[in-house]
DNA sequence: TTGAAAGCGATACCAA
DNA sequence: TTGGTATCGCTTTCAA
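Chains as they are written, first to last, in the working numbering: chain A, 1 to 348; chain B, 1 to 348.
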């Protein structure tokens, strides 16, 4: 039926061991022999059985990239960058390619664990978890335990955008400075004279949500400005759209709104337009992420820039072992303010 | 070291065979025995070795979803829908879950083949190829051959958004009616009175590009309107942005521009804004795909709607075998016009 | 209902 | 430089 390594060996009149060596290129093989083997491979149209190979070698070239929402360009860009970095590594076994695959958790911790188990079953070479983590201690523990096991078993674990697991020396973590990001955004608006600022936040139980809010509040407190209304919701457009109604209900005189991320900001903008409000001018909008499409969608948007491409690439490198993590496993990633245009001061 | 099925068997005082049967739930096992086994699994914190299991069973629960560009929400949405459909199937071996993974080809046919090989090595249960195909006969043949082999080996193959492989009865294909889409868009603009229409097309060698252009030209011809300038480029924002300069260079009096997809349309809009042109009004813009964010970005955009979610879901079902393809393997998917607002007639 | 044992297809150690 | 072969961990007949 299917062509096996043994078939190739027979055709090339060598032992299976030799064929394996030719395919993996890890041991010296006489040029003539190698030729013969390769010809046989060609003629028989042989395809290595990755399953068997992984079993025997006790390693695989699967690398899992877990993201919250694959339809969100934020994760798409991160994942894309990671995949590039991983593909370039190019020195795996049998073909020199790692299979970087993206798994969509939909933000559900259960699905996250399920995917981790599946990857654990496959003895994945590495796993990258992208995006903020849950703050629920139960899930945190479950995830930490699973990751620790995988790390023990030789799987490289990389966190990107979520805090490191305390006490775990095995996992590298790219940590976004969300607090500073939140602070920068608020300070910018305060500097323009805004005093009534609404905040459309992310899900209440995510690390990113809390950290960003922390920074925001810190800036307000430092300026002695009272905190405006805050809403919570998922990181999507609908959430931003809904937030606007509630924020204005709680304070009709808002002059600025901070959105949890660019996608939420788009929803906010849509809602503002429906209300006949101009952006900026009537209301200034600010958000996180700095996605490419925001430039066209909301030219007046002020954002905090997360180095998506850079972080994705580094996550990929860490997963490949191409880049060594610092001793404590934590790689800090700064957030920088992007004032793209003319975020306006509040109307008189 | 790692806990194996044998360890579990020993602890539960049964044979490995029995443990396997309990885990897979495919054979009758006495309730008491099953209890004992499950307890042992729990106590030892046993994790099935998917590699070994796949090897022995000659099947895997990996499902590959190949997309051109994971950073493009179009593919993100499609992939997300497919993953949902696949995850719901829930009757695989050992845990009842398929591992749907997304592979980013970057539009490169080489990488597409590489990923296919990798999935072939893993004996993937199914493969979904999303997005238009290349028209280059060499790559077409190579791809077709590879897909045929995989299908023979038991992998289910689903094409989504690209034409079926002629003569291949094994692969199901969701075929978007891009020609009609192109026609609808042009007819809409013509109906408003536009006579000088530019076209920012996709890569010259893709099926989607040609089919959409075909429909466009068909409509123009039927109306006796001469074809305007056309540019070609990748399906991204930069491409749309660059197209504007060239289109106007070739015809300064354009009143409307059709973009190859929504992402390109965003680039077009950005460029138009830079030129101080209003959309619509000075220029009307139309595009394909109908992505959610376009609503906020370009409220005046007229698009052809491809049922992204629906197609993704059906692709997933076909991959799972939950939905049976028609006899000829082709599932037609209609394109419908979405006039979201006030696409304007040309200025007098 | 359960057990024994023969593979599944490659890898890698030990010899030659 | 090459060959023989035990092993990887699980699935699946075939018997009991």
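Glycine included, every Cβ here is placed at the ideal spot set by N, Cα and C.
{"Asked": "Under 9 Å by beta carbon: chain B residues contacting residue 270 of chain A", "Found": "295, 296 and 299"}
{"Asked": "Rounded Cβ spacing between residue 125 of chain B and residue 61 of chain B (contact assumed at less than 8 Å)", "Found": "6 Å"}
{"Asked": "Residue range of the beta strand (DSSP E) that includes residue 231 of chain A", "Found": "230-232"}
{"Asked": "Buried or exposed by the 16-neighbour rule on C-beta atoms within 10 Å, applied to residue 80 of chain B", "Found": "buried"}
{"Asked": "Cβ-Cβ separation, residue 172 of chain A to residue 325 of chain A (assumed contact under 8 Å), whole Å", "Found": "4 Å"}
{"Asked": "4-residue-minimum alpha helix (DSSP H) runs that sit fully inside the region 17-78 of chain B, ordered along the chain", "Found": "31-44 and 50-57"}
{"Asked": "Closest by C-alpha distance to residue 99 of chain B, when choosing among B:107, B:159 and B:84", "Found": "B:84"}
{"Asked": "Three-state class that DSSP yields for residue 289 of chain A in the structure shown", "Found": "strand"}
{"Asked": "Opposing strand residues paired with residue 335 of chain B [DSSP bridges]", "Found": "According to DSSP, which records beta bridges pairwise, residue 335 of chain B is partnered with nothing at all."}
{"Asked": "Entirely enclosed alpha helix (DSSP H) segments - the region 168-231 of chain A, minimum 4 residues", "Found": "178-192 and 207-223"}
{"Asked": "Option in B:13, B:205 and B:59 with minimal Cα separation from residue 153 of chain B", "Found": "B:59"}
{"Asked": "Inside the region 94-124 of chain A only - beta strand (DSSP E) runs reaching at least 3 residues", "Found": "99-104"}
{"Asked": "Residues that residue 77 of chain A contacts on chain B, provided the C-beta gap is smaller than 7 Å", "Found": "71"}
{"Asked": "Under 8 Å by beta carbon: chain B residues contacting residue 153 of chain A", "Found": "2"}
{"Asked": "Burial state of residue 166 of chain A, where buried means 16 or more other Cβ atoms lie within 10 Å", "Found": "exposed"}
{"Asked": "Alpha-carbon to alpha-carbon, residue 146 of chain B and residue 55 of chain A", "Found": "25 Å"}
{"Asked": "Contact check, residue 276 of chain A vs residue 259 of chain A, beta carbons under 7 Å", "Found": "no"}
{"Asked": "CB contact check: residue 52 of chain A to chain B, cutoff 7 Å", "Found": "yes"}
{"Asked": "In DSSP terms, what residue 305 of chain B is bridged to", "Found": "B:336"}
{"Asked": "Integer-rounded CB distance, given that residue 206 of chain A should sit under 8 Å from residue 351 of chain A", "Found": "Residue 351 of chain A cannot be examined here, being either before or after the span of chain A that is shown, 1 to 348."}
{"Asked": "Alpha carbon of residue 217 of chain B to alpha carbon of residue 199 of chain B, nearest angstrom", "Found": "10 Å"}
{"Asked": "Delimiting residues of the beta strand (DSSP E) encompassing residue 159 of chain A", "Found": "156-160"}
{"Asked": "C-alpha gap between residue 127 of chain A and residue 235 of chain B, whole angstroms", "Found": "30 Å"}
{"Asked": "Nearest neighbour of residue 7 of chain A, chosen from A:47, A:303, A:280 and A:78 [CA to CA]", "Found": "A:47"}
{"Asked": "6 Å CB neighbourhood of residue 316 of chain B in its chain, flanking five on each side removed", "Found": "82, 85 and 86"}
{"Asked": "Span separating the alpha-carbon of residue 182 of chain A from that of residue 211 of chain A", "Found": "8 Å"}
{"Asked": "Environment of residue 278 of chain A [buried if 16+ CB atoms lie within 10 Å]", "Found": "exposed"}
{"Asked": "Cut-off 8 Å between Cβ atoms - residues of its own chain near residue 237 of chain B, not counting five sequence neighbours on either side", "Found": "263, 264, 266, 267 and 270"}
{"Asked": "Reduced DSSP category for residue 263 of chain A - H, G, I as helix; E, B as strand; rest coil", "Found": "helix"}
{"Asked": "Counted within 10 angstroms of its Cβ, other Cβ atoms place residue 138 of chain B as buried (16 or more) or exposed", "Found": "exposed"}
{"Asked": "Same chain, Cβ closer than 6 Å to residue 223 of chain A, five either side skipped, listed in chain order", "Found": "190"}
{"Asked": "Residues that residue 239 of chain B contacts on chain A, provided the C-beta gap is smaller than 9 Å", "Found": "By Cβ distance, chain A contributes nothing, its closest Cβ being about 13 Å from residue 239 of chain B, past 9 Å."}
{"Asked": "Residues bridged to residue 126 of chain A [DSSP beta-bridge criterion]", "Found": "A:63 and A:156"}
{"Asked": "Endpoints, alpha helix (DSSP H) assigned at residue 5 of chain B", "Found": "5-12"}
{"Asked": "Per-residue burial, residue 302 of chain B [other beta carbons within 10 Å of its own, 16 or more giving buried]", "Found": "buried"}
{"Asked": "Pair within 7 Å by beta-carbon distance, residue 193 of chain B and residue 73 of chain B", "Found": "no"}
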